[in-house]
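Asks:
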Amino acid sequence: MNIITNPDRLRGIERRIKVENVSRRSILKGLGIVGGLVLAAPLLSRQAFAAYQTGAGKMPHGVVTDPRVFVAIAPDGIVTIVAHRSEMGTGVRTSLPLIVAEEMEADWSRVKVKQAHGDEVKFGNQDTDGSRSTRHYLIPMREIGAAARTMLAAAAAKRWGVPASEVKAVNHEVVHAASNRRLGFGELAADAAKEPVPNVGSLKLKDPKNFRYLGKGEISIVDLRDITTGAAQYGGDVRLPGMKYAVIARPPVTGGKLVSFDSADAMKVPGVEKVMEVQGWPWPSKFQPLGGVAVIARNTGAAIKGRDALKIVWDDGANGKYESAAYRTELEEAARKPGLVVRKEGDVDAALKSADKVIVGEYYLPHLAHISMEPPVAVANVKDGKAEIWAPVQSPGGTRDDTAKTLGIPEDNVTVNVTLLGGGFGRKSKCDFALEAALLSKALGAPVKVQWTREDDVRHDFLHTVSAERIEAGLDKNGKVIAWRHRSVAPSIASTFAANTVHQAPFELGMGLIDMPFEIANIQCENPEAAAHTRIGWFRSVSNIPRAFAVQSMVGELAHATNRDQKDMLLELIGSPRIVNLSSVKDPWNYGEPYDSYPIDTARLRRVVEVVADKGGWGRSVPKGHGLGIAVHRSFVSYIATIVEVSVDDKGKLSVPRVDTAIDCGMFVNPERIRSQIEGTAIMGLSLAKYGEITFKDGKVQQGNFDDFPVIRIDEAPRVTNVYIIPVDADTPPSGVGEPGVPPFAPALTNAIFAATGKRIRTMPIGKQLET
Amino acid sequence: MNTQMATLAALIAGVLVSNVYGAAAQTSQPPGTTATRPAKTTPAQTSVPNASPPATTTRTTGESHQDATVKKMNRDEKRKVDTEGK
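Structure follows, in structure tokens:
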């Protein structure tokens with residue numbers, strides 16, 4: 000299904016197509032509250048009502064809670080709520096408006112959702128990443144809803160000549176019980192628009208026990224029908240009159256440059272109109288395009304064929320000898336030597352020397368590619384010093400900013416329309432593909448769609464880093480762990496912005512390394528040097544993947560070494576219920592959140608282990624060839640414990656009959672979405688564990704598509720996935736859901752494999768390691 | 000009746016045709032390059048001989064010379080990443 004995004008051209012069949020994006024003219028044009036002028040309220044750094052603070056106010060452009068920015072009511076009563084975060088499957092496009100609707104007492108069946116364009120001055124921070132949309136916006140969205148409710152009630156009270164305290168909004172109406180009068184939201188909208196926006200301090204939020212929608216899990220995502228009937232509009236569905244189609248041949252090695260190209264054969268391909276060089280920037284250059292040669296055609300197929308026909312000579316540059324096997328050897332050697340100390344408690348060297356036994360685990364995890372189902376794609380129309388972009392981007396504000404800078408035009412002249420994202424996982428928080436479209440459109444004077452093929456997506460990704468983790472655990476003669484040294488070596492995401500980067504950034508160290516929560520007297524964490532030789536980026540749960548794999552695998556190894564049950568060993572290591580003190584760490588990073596609101600609470604860590612063990616039947620007898628494994632991890636300030644049951648046959652074929660996961664994500668909005676995210680992380684976790692590996696030879700990625708970078712198919716998916724959401728009270732700060740399910744899956748799986756077969760997997764992916 | 004028989008015949012023919020294609024898919028070689036399937040290899044796209052030293056964990060290879068705009072973009076993003084993580 001295509002969308003025609005120029006409403007002036009709607010005619011005939013196109014009239015049926017919804018124009019999803021909100022124009023830069025007033026979103027409230029023709030609707031109830033306020034005409035024309037949209038104001039942004041002062042930025043909030045403090046939330047008025049919560050018993051807790053979050054890091055929302057510190058994000059670029061902070062938080063906006065003016066209801067006139069987010070809510071409009073039509074005379075017929077239809078409420079339109081703006082979704083300012085990108086939808087990539089987490090359901091945030093539904094959840095955030097749902098919070099507003101709940102608080103304003105709107106009837107959800109009479110609510111429409113509109114996607115915001117990129118404008119962080121108007122909407123506040125729009126970065127959809129870090130599993131933080133709900134935790135940052137639960138209270139602000141409630142404030143917006145409460146403000147709208149208050150304005151509607153005030154309008155009704157004025158009309159009836161009664162005190163505002165005597166009226167109440169109930170399910171899309173305002174009611175005066177004493178006189179049994181009622182008015183619908185639509186009838187009140189125009190008057191409500193004249194009411195002042197109430198001071199945040201005067202708002203009354205609903206008692207959570209009166210919630211109709213939040214926490215119930217009965218609301219489907221707003222796009223469900225469109226997605227399942229093929230009507231949903233993704234980046235690739237955008238089509239503009241006169242649009243050209245482009246694919247780009249990019250330097251195959253990061254940092255490489257174009258030497259020469261011959262387009263004669265490409266120009267002979269039917270449909271190809273032009274071949275031209277695309278500007279690239281020397282690496283590292285944030286998210287700027289790699290450059291290369293673009294084939295412009297009348298359709299994508301012709302462009303792809305034309306690109307295949309190009310003759311090109313590259314200079315691969317300084318990374319031309321990047322080779323995965325050799326680099327792995329370097330990483331593992333670095334992990335065996337002292338590195339930069341990033342956490343130190345007690346005296347690990349002395350404790351290891353005096354230990355009765357030392358267990359050493361060395362773990363290796365390769366680069367990973369995001370491979371969201373929708374490869375990167377963007378449409379741009381640059382004309383007369385203005386640019387309009389349509390793209391599946393996780394950072395619309397960032398895209399707008401970078402487009403303006405790249406084209407050398409004012410930011411006010413750039414419009415970024417956000418389509419649905421067919422998956423993101425962090426790849427689409429980098430807007431290089433949108434910048435490519437903008438550059439080509441500017442050069443051609445026409446709208447251009449730049450489509451990445453799957454091969455482009457795999458070979459030019461901002462890959463998940465490659466990592467060697469080494470843990471030495473010292474035990475006393477009673478089998479108690481008295482020393483823990485963890486060395487983590489991996490090239491940093493910071494290398495994408497700074498040459499000469501050899502250590503990981505504080506945020507990477509804070510993901511499973513320096514925040515390790517075990518109660519051990521002597522702990523030391525180190526980060527030896529590792530330079531990057533390709534673009535490294537954020538991948539769903541980021542550095543938590545290798546760290547959780549190493550730490551939780553070591554728990555399994557310790558359990559085996561001391562002849563103990565894995566779960567018992569895990570609870571013993573977590574230790575007593577307490578708040579973990581990281582005073583020995585210089586720059587403790589806590590996902591951008593204040594420790595007061597989001598401490599490392601081992602009671603919550605223990606609880607998810609206990610819940611999953613209880614509900615998941617830990618210790619149950621399983622058939623021959625089966626095994627159970629358990630793992631727990633805190634990430635994005637949530638706590639998740641997972642049990643995986645595996646079956647390994649006599650040929651080494653692995654299957655997963657059952658997965659159980661307990662998640663404590665604080666106050667939650669939409670349990671149906673939480674369940675689906677955790678089910679999804681079981682699929683993703685199993686794919687990565689079984690097959691996920693990007694390798695390099697001569698600086699080039701060796702993989703290209705699902706034939707050599709596979710994902711699990713339906714016959715390999717876990718048969719049963721159970722999700723247990725820990726109930727909490729409404730004052731418990733909400734925490735992440737989109738990413739935390741990933742890190743504990745792989746170690747739970749490999750602990751289960753060990754239980755089933757006696758074989759310890761320390762190198763990912765599993766691949767053929769189980770074959771006999 | 001004739002219409003019904005014709006419809007039934009078309010349906011049966013359709014099933015038979017589908018089965019033929021199904022059997023072929025299981026046994027045939029992967030299809031060749033088409034307009035929508037990129038070539039697996041592009042022998043005409045090559046690299047000049049590369050004399051770079053091995054890419055090690057201690058040798059950084061990023062370029063420091065950037066235009067002023069990108070320098071600032073890099074700096075600003077690094078600062079943002081250091082405080083917010085993303």
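Same order as they appear, the protein sequences are chains S and G. Per numbering that gives the first Met the number 0, residue 0 is the first one in the first sequence, and the count goes up by one each step. Per numbering that gives the first Met the number 0, residue 0 is the first one in the second sequence, and the count goes up by one each step. Think of the CB as a built atom: it goes at the ideal place given N, C-alpha and C, for glycine as much as any other residue.
Does the beta-carbon of S:Ile535 have 16 or more other beta-carbons within 10 angstroms, so that it is buried, or is it exposed?
Replies: Looking at its Cβ environment, which holds 16 or more other Cβ atoms inside 10 Å, S:Ile535 is buried.
Asks: Drop a sphere of 10 angstroms on the beta-carbon of S:Ile713, count the other beta-carbons inside from all chains shown, and report buried for 16 or more, exposed for fewer.
Replies: Flag for S:Ile713 reads exposed.
Asks: Determine the extent of the alpha helix (DSSP H) in which S:Thr215 is found, giving its start and end residues.
Replies: Residue identity check: residue 215 of chain S is Lys in the sequence provided, not Thr. Neither: S:Lys215 is in no alpha helix (DSSP H) and is coded neither H nor E.
Asks: Terminal residues of the continuous alpha helix (DSSP H) containing S:Met150?
Replies: Its alpha helix (DSSP H) spans residues Ser132 to Trp159.
Asks: Give the straight-line distance between the Cα atoms of S:Gly34 and S:Gly76, rounded to the nearest whole angstrom.
Replies: Caution applies to S:Gly34, whose pLDDT of 32 falls short of 50 and renders its modelled position unreliable; the model cannot decide the point.
Asks: By Cβ distance below 8 Å, which residues in the same chain neighbour S:Ala436 in space, the five residues on each side in sequence not counted?
Replies: Excluding positions up to five away in sequence, the list reads Ala245, Ala377, Val378, Ala379, Ile388, Ala390, Val447, Lys448 and Val449.
Asks: Using a Cβ-Cβ cut-off of less than 8 Å, list which residues of the stretch 43-65 of chain G approach chain S; keep chain order.
Replies: Answer set for the stretch 43-65 of chain G: Ala43, Gln44, Thr45, Ser46, Val47, Asn49, Ser51, Pro52, Pro53, Ala54, Thr55, Thr56, Thr57, Arg58, Thr59, Thr60, Gly61, Glu62, Ser63, His64 and Gln65.
Asks: Give the residues of chain G in contact with S:Met266, contact being defined as C-beta atoms less than 7 Å apart.
Replies: None at all; the shortest Cβ gap to chain G is about 14 Å.
Asks: Using DSSP with H/G/I as helix, E/B as strand and the rest coil, what is S:Thr660?
Replies: It is a strand residue.
Asks: By the 10 Å Cβ neighbour count, where 16 or more other Cβ atoms means buried, how is S:Leu223 classified, buried or exposed?
Replies: With fewer than 16 Cβ atoms within 10 Å of its Cβ, S:Leu223 is classed as exposed.
Asks: Using the rule of at least 16 other Cβ atoms within 10 Å of the residue's Cβ for burial, across every protein chain shown, is S:Tyr136 buried or exposed?
Replies: S:Tyr136 comes out buried.
Asks: Given this structure, state the Cα-to-Cα distance separating S:Lys208 from S:Met140, to the nearest angstrom.
Replies: Approximately 18 Å between the Cα atoms of the pair.
Asks: Please name the residue or residues paired with S:Val647 in a DSSP beta bridge.
Replies: Beta-bridge pairing links S:Val647 to S:Leu653.
Asks: Interface residues of chain S around G:Ala38 at Cβ under 7 Å?
Replies: Here the neighbours are Asp307.
Asks: Compute the Euclidean distance between the alpha carbons of S:Pro670 and S:Ile724, then round it to the nearest angstrom.
Replies: Their Cα atoms are separated by approximately 8 Å.
Asks: Contact between the stretch 345-352 of chain S and the stretch 495-508 of chain S: three or more CB pairs below 8 Å?
Replies: Flag = no, the stretch 345-352 of chain S and the stretch 495-508 of chain S do not touch.
Asks: I need the straight-line Cα distance from S:Lys657 to S:Pro717, nearest angstrom please.
Replies: In the sequence under discussion, the amino acid at residue 657 of chain S is Arg, which differs from the Lys named in the question. Taking the straight line joining both Cα atoms gives about 6 Å.
Asks: For my contact list, S:Val294 and S:Gly305 are in at a C-beta cut-off of 8 Å; report their separation, rounded to the angstrom.
Replies: Their Cβ separation, rounded to whole angstroms, is 4 Å, which keeps S:Val294 and S:Gly305 in contact under 8 Å.
Asks: Would you mind stating whether S:Val631 and S:Tyr590 have Cβ atoms separated by less than 8 Å?
Replies: Result no, Cβ atoms of S:Val631 and S:Tyr590 do not sit closer than 8 Å.
Asks: From the DSSP output, in three-state form, read off S:His171 for me.
Replies: S:His171: coil per DSSP, three-state reduction.
Asks: Decide yes or no for the touch test of the stretch 506-516 of chain S against the stretch 328-337 of chain S: beta carbon pairs closer than 8 Å, at least 3 of them.
Replies: The answer is no - the stretch 328-337 of chain S does not touch the stretch 506-516 of chain S, with fewer than three Cβ pairs under 8 Å.
Asks: Provide the residue span of the alpha helix (DSSP H) that contains S:Ile544, from first to last.
Replies: Per DSSP, S:Ile544 belongs to the alpha helix (DSSP H) from Asn543 to Ala560.
Asks: What are the residues of the stretch 498-529 of chain S that lie near chain G, defined by any Cβ-Cβ distance shorter than 9 Å?
Replies: Listed by position, the residues of the stretch 498-529 of chain S near chain G (Cβ gap below 9 Å) are Ala498, Asn499, Thr500, Val501, Ala504, Pro505, Phe506, Glu507, Gly509, Met510, Pro527, Glu528 and Ala529.
Asks: Using a Cβ cut-off of 7 Å, which residues of the stretch 254-288 of chain S contact any Cβ in chain G, in chain order?
Replies: Residues Gly254, Val258, Trp280, Pro281, Trp282, Pro283, Ser284, Lys285 and Gln287.
Asks: For S:Pro281 versus G:Glu62, is the C-beta distance shorter than 8 Å?
Replies: Yes, Cβ-Cβ distance for S:Pro281 and G:Glu62 is below 8 Å.
Asks: Could you name the residues of the same chain whose beta carbon sits closer than 6 Å to that of S:Pro587, not counting the 5 residues immediately before and after it, in chain order?
Replies: For S:Pro587, where only same-chain residues beyond five positions count, the Cβ hits under 6 Å are Leu581.
Asks: Just checking, does the stretch 98-113 of chain S make contact with the stretch 401-411 of chain S on the three C-beta pairs under 8 Å criterion?
Replies: Segments in contact, no.
Asks: Rounded to the nearest angstrom, what separates S:Ser108 and S:Ser219 at their Cα positions?
Replies: If I take the Cα positions, the gap works out to 11 Å.
Asks: Taking contact to mean 3 or more Cβ pairs, one atom from each stretch, closer than 8 Å, check whether the stretch 317-333 of chain S and the stretch 263-277 of chain S are in contact.
Replies: No, the stretch 317-333 of chain S is not in contact with the stretch 263-277 of chain S.
Asks: Within its chain, find whatever has a CB closer than 6 Å to the CB of S:Ala47; leave out the 5 residues flanking it on each side and keep chain order.
Replies: Note that S:Ala47 scores 47 on pLDDT, short of 50, meaning its location in the model is unreliable and no value can be drawn from it.
Asks: Find out if the Cβ-Cβ distance for the pair S:Gly624, S:Asp648 is shorter than 8 Å.
Replies: Yes, these two residues count as a Cβ contact at 8 Å.
Asks: Which residue spans inside the stretch 405-464 of chain S form an unbroken alpha helix (DSSP H) run of at least 4?
Replies: As far as the stretch 405-464 of chain S is concerned, its whole alpha helix (DSSP H) runs of at least 4 residues are 431-443 and 453-458.
Asks: Please list the terminal residues of the continuous alpha helix (DSSP H) segment that includes S:Ile693.
Replies: Taken as a continuous stretch (DSSP letters only), S:Ile693 belongs to no alpha helix (DSSP H), as it is neither H nor E.
Asks: Taking only the alpha-carbon atoms, compute the straight-line gap between S:Leu572 and S:Ser552 and give it to the nearest angstrom.
Replies: Distance between the alpha carbons of S:Leu572 and S:Ser552: 13 Å.
Asks: Given a cut-off of 8 Å, decide if S:Glu644 and S:Val621 are closer than it, judged by their beta-carbon atoms.
Replies: Yes, Cβ-Cβ distance for S:Val621 and S:Glu644 is below 8 Å.
Asks: Using 8 Å as the limit for Cβ to Cβ distance, is S:Leu330 near chain G?
Replies: Yes, contact with chain G.
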